[in-house]
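Working notes for the structure below.
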Amino acid sequence: MTRSGTGRRARRWSIGGAAFVVALVALVLGARTGGQSTPGSADTTLRYTVSVPEPAHRWMAVELQIDGLAETPLSLRMSSASPGRYARHDFAKNIFMVEITDGGGAPLEASRVSPTRWDVAEHDGTVTFSYRIFGDRVDGTYLAVDRTHAHLNMPASLVWPAGLETRPIEIRFVPPPDQRWRVATQLFPTDDPLRFTAPNLAYLLDSPTEFSDFADRTFEVVDPSDPTHRPSFRVAVHHTGSDDDVDRYVADVERIVREMVTVFGEFPRFETGRYTFLADYLPSASGDAMEHRNSTVLSAPATLRSQGRQLLGSVSHEFFHVWNVERIRPRSLEPFDFETVNPSGELWLAEGFTNYYGALTLQRAGLASLDATLGRFGRAIETVRHGPGRQFRSAVDMSRLAVFTDAATSIDPTNWDNLFISYYTWGETLGLGLDLLLRARSVDETGQPRLSLDDYMRLLWRRFGQQGGAEPGAVERPYTMADARAALGELTDPAFAADYFDRYVEGREVIDYAPLLERAGVAVVETAPDQAWLGDPALRFERGGARIVRPVPLESPVYQAGLDQDDVVVSIDNREVSSSSRWRETVGRLLPGRSVPISYARGGELHSARITPVAHPGQRLVAIEALGRTLTPSQAAFRDAWLGSRQ
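Using the working numbering, you'd call the opening residue of the sequence shown number 769 and step up by one each time.
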């Protein structure tokens, strides 16, 4: 499907927001249920009860009761995909002890037609589907249950009825015996603190939940565009530290929120009037972060005391998703398909630009040093500039590989080191480059830029995100690649937009950052210009030499010499390399451009070749003051406009 075709079809479907959503939901329902009629009516009710009777054994019990069903077969499904993740996951594998009964409690027969589907052919209008589910991974994707909490990602936790996706839902939580666990979630609250509602299935499955005795803090921020709009922000932290640790962390989170809203000039209208940060900082947690409509999950095997501000990068990245992705949303991700994956070519913008603003906001809020920010941007540029994958794929192509790389699991080896560059990283450099390009082309006589990436993001917000959707959680006007290109052309001119997209986004060129950064008093300097470089192969030192344990970088000196994964380097320039110190010493003696002998073992046989080192290609970003140069007034003004606070 071509980009231009997608754009034309989107414009023809101008039948009104509510009608569009209804038509789209009906289309998705038909696909999911195989064309079956809707199994319910306006009186159909869906009620979940989630209980944790034995948390030490890492399972929870779920009961789904559906009343008011029509006399048609009912199909119950378990998700295989999760909002914010782009790869497929087999959540149904952890379900056990399934029981299905009718309104009188009599057992019903169900056909397990696939690993994720149970079909009930006959019932009396009421079906109760009960099961237990095991969960032992604390992150943004899975379910975790232990003595201290239940951490729910809903697609990994709840079976749901196909054909009833638009029905409102009630969910009640039952804590373990003698525990006073509370609930933190973006679900709609009720008078009962353990009972919540969701307006539809999509909102339910997009609502992660922390069920524990967590630390709880709340703050409000006045909307810059409307003094009467004061959304609240809840920070629920499940951790092992002190109240002081939480207070310091929440103060930094508030600084991020206050700084970030200045990019767009306003907050979205959160459906419940609140945004929730769900943080699990525990030794047993996995490092992860996941955005949702009105909340985010943050996890790390760390403590607030030991890591402190090192945890804020994820906070900043995920909160930017409030606008970018959750509301400024690619058409390829809307609506989200919970039973398969949504391949998207726009993740360089959706995730990559978010990566850029995550780092930029920390700098603007005074939560990161200039050296740290420049170091991060420099490493991202180097990854893209030297990434072998750029020979084969564009940033758009890399985005479409997310279905294989975003926490997907497989046992067969891949060669991603040579064939893939993260759309997070490549997109971050594209955001940085576009920001600097826009600023450089619009500088006035005082050195102040008139345009920036902030202006582009605000335009996308007004055009595609601000109006929301007819249904809670829905996006009425998702964008296409053609839309993103057209918006940039409108902000600048079509020629500039075409050049940027053709060369850097859908092409494989790298932006020339040096003259752009010079305007901000930032120099691009070589890391080690006199140092020989072989390609930095991944090595494991063992008796007899250095084993190459990953595919070597394409076209690097070690690649050109004919070596690759599983070869054991015995000597270079007639010097043995049986330890890391010996390797560094030997390579340090080499000269760029001077060919030397290399011997290596392959399959038990010794081979010889010649290898020609090159000058180390590394570069880094440095503030010119650190090089003994003087920052000019125009450079200082440009830098402040770029990196300074907007508050």
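For glycine and all other residues, C-beta sits at the position ideal for the given N, C-alpha and C.
Check	Outcome
Which listed residue (L920, L1202, W827 and V1003) has its alpha carbon closest to that of A1266	L1202
Start and end residues, beta strand (DSSP E) containing W1410	Per DSSP, W1410 belongs to no beta strand (DSSP E); it is in the alpha helix (DSSP H), P1401 to L1411.
Range of the contiguous alpha helix (DSSP H) that encloses E1196	Y1191 to A1208
Exposure of H1085, with buried meaning 16 or more beta-carbon neighbours within 10 Å	buried
Assigned exposure category for N1342 - 16 Cβ within 10 Å defines buried	exposed
Option nearest D931 by Cα separation, candidates I868, F982, R856 and P841	Residue 931 is actually Gly in this sequence, not Asp. Among I868, F982, R856 and P841, the Cα nearest to that of G931 is on P841.
Selected residue, minimal CA-CA separation from E839, among G1303, A889 and R963	A889
Alpha helix (DSSP H) runs wholly inside the region 919-991, at least 4 long, in chain order	969-973
A1068 burial status per 10 Å Cβ neighbour count (16 or more: buried)	buried
Secondary structure of N1342, DSSP reduced to three states	coil
C-alpha distance - L1198 paired with G1233, whole-angstrom precision	21 Å
Under the three-state DSSP convention, the category S1376 falls into	strand
Bridge partner(s) assigned by DSSP for G1236	The partner list for G1236 (beta bridge, DSSP) is empty, contrary to what the question assumes.
Among H1089, F941 and A1329, the one whose alpha carbon lies nearest that of V818	F941
At least 3 beta-carbon pairs within less than 8 Å: the region 1395-1411 vs the region 1284-1302	yes
Close Cβ partners of V1337 (< 6 Å) along its chain, the five nearest in sequence each way excluded	G1313, A1314, V1345 and Y1368
Residue interval of the beta strand (DSSP E) (run including W827)	W827 to D835
Proximity to G1143 [Cα-Cα], best of R880, D960, A1127 and I901	A1127
Counted within 10 angstroms of its Cβ, other Cβ atoms place L1374 as buried (16 or more) or exposed	exposed
Per-residue DSSP class, three states only, for M846	coil
Run of the beta strand (DSSP E) containing I1366, from where it starts to where it stops	V1364 to R1370
Reduced DSSP category for R869 - H, G, I as helix; E, B as strand; rest coil	The sequence as given places Thr at residue 869; Arg does not occur at that position. In the structure shown, T869 sits in a strand (DSSP, three-state: E or B).
Cβ shell of T1214 (< 6 Å), same chain only, five flanking positions each side left out	none
Exposure label - G872; buried when at least 16 CB within 10 Å	exposed
A1175, DSSP secondary structure in three states	coil
Segment limits, alpha helix (DSSP H) that includes T1030	D1011 to F1032
Local Cβ density within 10 Å of R1323, reported as buried at 16 or more and exposed below that	Here the sequence assigns Glu to residue 1323, which means Arg is not the residue at that position. Result: exposed.
Straight-line Cα distance separating F897 from H891	12 Å
Ordered list of alpha helix (DSSP H) runs contained in the region 1056-1131, each at least 4 residues	1072-1075 and 1080-1088
Short Cβ contact (8 Å threshold) for S1063 with P999	no
Cα-Cα separation, R905 to V1014	23 Å
Nearest residue (CA-CA) to R1207, options R1407, V866 and E938	R1407
Neighbourhood of G1033 by C-beta distance below 6 Å, restricted to the same chain and skipping five residues each side	P992 and S993
Beta carbon of Y899 nearer than 8 Å to that of V866	yes
Beta carbon proximity, S1190 to chain B, threshold 8 Å	Looking at the structure shown, chain B is missing, and only one protein chain is on hand.
Residue interval of the beta strand (DSSP E) (run including H1007)	S1000 to H1007
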